[in-house]
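Remarks on the structure that follows.
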Amino acid sequence: MKSVNDFFNNFKDDINRINVCKVGKVVKFYPEVNKVDVIPLPSEENAIVLNVPVAHVRSRDFFIYNPLKEGDKVILVFMDGDTDSILFDEDKKTTERTHDISDCVCIGG
Numbered sequence: 509m510k511s512v513n514d515f516f517n518n519f520k521d522d523i524n525r526i527n528v529c530k531v532g533k534v535v536k537f538y539p540e541v542n543k544v545d546v547i548p549l550p551s552e553e554n555a556i557v558l559n560v561p562v563a564h565v566r567s568r569d570f571f572i573y574n575p576l577k578e579g580d581k582v583i584l585v586f587m588d589g590d591t592d593s594i595l596f597d598e599d600k601k602t603t604e605r606t607h608d609i610s611d612c613v614c615i616g617g
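With the sequence shown counted from 1, adding 508 to any position gets you this note's numbering.
In structure tokens form, the structure reads like this:
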């Protein structure tokens with residue numbers, strides 16, 4: 509029975525480390541590269557996430573640009589896998605990362 513309890517306790521710890529979606533607050537917006545530094549809320553238990561790409565609504569001939577400013581609330585979406593190469597237009601996976609804080613996209617507005 510001890511091994512079953514250990515399994516579920518470890519499983520619970522693993523689940524608590526999975527990032528899916530969080531509300532954040534913009535610390536700095538870099539319009540020239542369309543990235544933000546953002547702190548996931550509640551802030552007392554999180555560090556600033558740097559250089560997060562900002563997602564915008566777009567289609568072939570249509571684009572909505574929403575400039576962000578310090579203090580704006582945003583949504584951080586954490587990807588299922590590594591986004592390093594995908595953001596550089598390469599269709600390959602470079603690491604085994606999943607739901608990592610470094611693989612998030614900011615949705616503002």
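We put the beta carbon where it would ideally sit given N, CA and C, even for glycine. Given the structure is predicted, the values throughout are model-derived calculations rather than measurements.
Helix, strand or coil for residue i? Go by DSSP, reduced to three states.
i, result
"Lys577", "coil"
"Phe571", "strand"
Look up residue i in the DSSP assignment and give the residues it is bridged to.
i, result
"Lys510", "For Lys510, which the question treats as bridged, DSSP gives no partner whatsoever."
"Val560", "Val544"
Counting C-beta neighbours from all protein chains within 10 Å, is the total for residue i 16 or more, i.e. buried, or is it exposed?
i, result
"Val531", "exposed"
Is the Cβ-Cβ distance between residue i and residue j less than 9 Å?
i, j, result
"Leu549", "Lys533", "yes"
"Val582", "Gly616", "yes"
"Pro561", "Lys543", "yes"
"Met587", "Cys614", "no"
"Leu558", "Asp569", "no"
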